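Everything in the sequence shown is counted per the working numbering, starting at 312 for the first residue and increasing by one. Quick reminder that beta carbons are idealized off the backbone N, C-alpha and C, glycines included. What you are looking at is a predicted structure, and each value in this text was computed from that prediction instead of being measured. Presented below is the structure to which this report refers.
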Amino acid sequence: MIKQMKIFDEKIRAAKSVVLCAHKNPDGDALCAVLALAQLIETNYGKEVLCMYDGNIPDNLDNVPMRKKIKFFEHIPDNTPVDVAIVLDYGIKRNIGGPRKFIERASFVIEIDHHINDDKIGMLCLDDESAASVTEIIYKIMITMGWKYDTAVLRLIMTGIITDTGCFKYVKHGRVMRMVADMVDNGVDIQSIINELANKPRKTILTEAASVGATEFFYGNKLAVAIIDSRQYKNLDGRGETVLNLLGQIHGLEYIALLKEQKPNQIGVSLRGRSKPVDEIASELGGGGHEFAAGAIVQDSLENVKVRILDLFKKVIK
Ligand SMILES: [Mn+2]
């Protein structure tokens with residue numbers, strides 16, 4: 312880490328322009344990792360950075376600190392200079408979306424990620440597959456480097472950790488809780504972050520509840536398949552977490568597949584395993600993610616994707 316951080320330090324110091332981005336449709340970890348690192352670079356290197364995203368940022372992230380700092384990539388002129396690009400929480404290249412054209416012009420690319428990935432985009436990789444969130448990696452870098460930070464940065468980091476650990480449920484290492492403890496002692500209010508994240512539009516909750524009500528169960532009720540069709544999809548803000556959370560409470564259920572018809576023949580698939588992995592099924596569908604929470608975007612009809620998913624789960628449910 313120290314050697315890599317030295318390179319990071321040199322590259323940022325020498326950079327004429329710095330661009331930051333994460334995966335398309337950023338979640339709390341992706342968005343907050345970008346904003347926290349942007350703030351840290353501006354404070355500690357005295358450099359303005361440009362943050363961009365593709366897709367949609369959910370309404371419940373509207374009030375995170377520095378939210379206005381990140382711009383939709385199409386609003387950024389194509390000829391904007393990019394000397395160093397930093398790509399966070401992206402998983403696979405395809406997930407980056409629009410900002411890729413800016414990254415491809417960078418003379419140096421740094422990645423900071425916690426996804427398993429054999430096809431990396433970074434010339435410098437500050438990756439840690441054991442990290443619960445990318446904001447956890449940012450925290451570690453910040454402390455290692457002795458950077459100055461404020462409570463806004465800590466709040467962003469905590470928001471990323473809460474998002475990616477499902478409110479600390481997926482924490483695997485005590486070090487995460489020790490970071491959390493330090494941040495609480497430094498004034499971060501967990502309750503207000505969780506309250507803000509639970510603030511979704513009414514139409515989203517009603518759409519998600521309807522999807523739960525129409526869920527089908529397979530293989531001795533071990534697999535739940537919920538659907539949000541293209542008509543309902545426009546009401547969705549976020550990934551359908553309420554569907555996944557509610558179904559995940561059903562006694563005896565092992566797996567959840569949520570199929571979202573983003574447009575005709577483009578299905579966003581979210582997979583969850585309560586105690587058994589789903590990442591391999593996601594990669595069979597051309598996606599990826601984490602052991603118990605993974606997903607893919609499949610270019611096919613809703614019916615065909617459902618058949619494929621039933622087939623894939625048939626092999627793992629004995
Ligand atoms: Mn993440």
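In or out: phenylalanine 383 buried (at least 16 other Cβ within 10 Å) or exposed?
Burial call: exposed.
Sorry if obvious, but does the Cβ on histidine 484 come closer than 7 Å to a heavy atom of ligand 1?
Incorrect: histidine 484 has no Cβ contact closer than 7 Å to ligand 1.
Assign methionine 363 to one of three DSSP states: helix, strand, or coil.
It is a strand residue.
Note down, in chain order, each residue of its chain lying with its Cβ closer than 7 Å to the Cβ of glutamine 315, except the 5 sequence neighbours on either side.
The answer, listed in chain order, is Leu435, Leu437.
Runs of 4 residues minimum, wholly inside the segment 340-384: which ones carry the alpha helix (DSSP H) assignment?
As far as the segment 340-384 is concerned, it has no whole alpha helix (DSSP H) run of at least 4 residues.
Do the segment 468-488 and the segment 323-343 meet, that is, are 3 or more Cβ pairs less than 8 Å apart?
At 8 Å Cβ cutoff, the stretches touch.
Cβ of alanine 341 versus every heavy atom of ligand 1: is any distance shorter than 7 Å?
Answer for alanine 341: yes, Cβ within range of ligand 1.
In whole angstroms, what is the alpha-carbon distance linking aspartate 622 and lysine 574?
If I take the Cα positions, the gap works out to 23 Å.
By alpha-carbon positions, which one of Leu558, Lys511, Asp496, Lys626 ends up nearest to glycine 524?
Of the candidates Leu558, Lys511, Asp496, Lys626, the one whose C-alpha sits nearest the C-alpha of glycine 524 is Leu558.
Could you tell me the alpha carbon to alpha carbon distance between lysine 322 and lysine 431, rounded to whole angstroms?
Spanning the two alpha carbons is a distance of roughly 19 Å.
Does the contact criterion of 3 or more C-beta pairs under 8 Å hold for the segment 523-540 versus the segment 475-489?
No: fewer than three Cβ pairs fall under 8 Å.
What are the boundary residues of the beta strand (DSSP E) that includes glutamine 573?
Where glutamine 573 is concerned, the enclosing beta strand (DSSP E) stretches over 566-574.
Can you pull the DSSP bridge partners for arginine 583?
Beta-bridge pairing links arginine 583 to Ile567, Ala604.
From what residue to what residue does the alpha helix (DSSP H) around valine 618 run?
It spans 613-627 - the alpha helix (DSSP H) in which valine 618 sits, taken as one unbroken run.
Residues in the same chain with beta-carbon distance under 8 Å from asparagine 497, minus the five sequence neighbours each way, listed in chain order, please.
Thr462, Leu465, listed in sequence order.
Please indicate yes or no: does the CB of serine 444 lie closer than 7 Å to some heavy atom of ligand 1?
Under cutoff, so the answer is yes.
If we call anything under 8 Å between Cβ atoms a contact, is aspartate 439 one with histidine 425?
Result yes, Cβ atoms of aspartate 439 and histidine 425 sit closer than 8 Å.
Can you confirm whether lysine 511, when its beta carbon is compared against all beta carbons of chain D, has any partner nearer than 8 Å?
As a matter of chain content, chain D is missing from the structure shown, which is built from one protein chain.
I need the straight-line Cα distance from serine 586 to lysine 335, nearest angstrom please.
Those two C-alpha atoms are separated by around 28 Å.
Tell me the rounded alpha-carbon separation between lysine 629 and tyrosine 530.
Those two C-alpha atoms are separated by around 9 Å.
Pairs of beta-carbons, one from the segment 370-381 and one from the segment 389-404, closer than 8 Å: are there three or more?
No: the two stretches stay apart, fewer than three of their Cβ pairs being nearer than 8 Å.
Here's the rule I'm using: 16 or more other beta-carbon atoms within 10 Å means buried, otherwise exposed. How should histidine 601 be labelled?
Histidine 601 comes out buried.
Grab me the residues of glutamate 507's own chain with a C-beta within less than 7 Å of its C-beta, minus the 5 sequence neighbours each way, in chain order.
Asn371, Asn374.
Short check: CB of leucine 399 to CB of cysteine 362, under 8 Å?
No, the Cβ-Cβ distance between leucine 399 and cysteine 362 is not below 8 Å.
Alpha carbon to alpha carbon, how far is methionine 494 from aspartate 500?
Taking the straight line from one Cα to the other gives about 9 Å.
Within 10 angstroms of its Cβ, does glutamate 635 collect 16 or more other Cβ (buried), or is it exposed?
What the structure shows of the chain is the stretch from 312 to 629, and residue 635 is not part of that stretch, so it cannot be assessed.
Just the Cα atoms here: how many angstroms apart are glutamate 572 and glycine 579?
Approximately 6 Å, taken between the alpha carbons.
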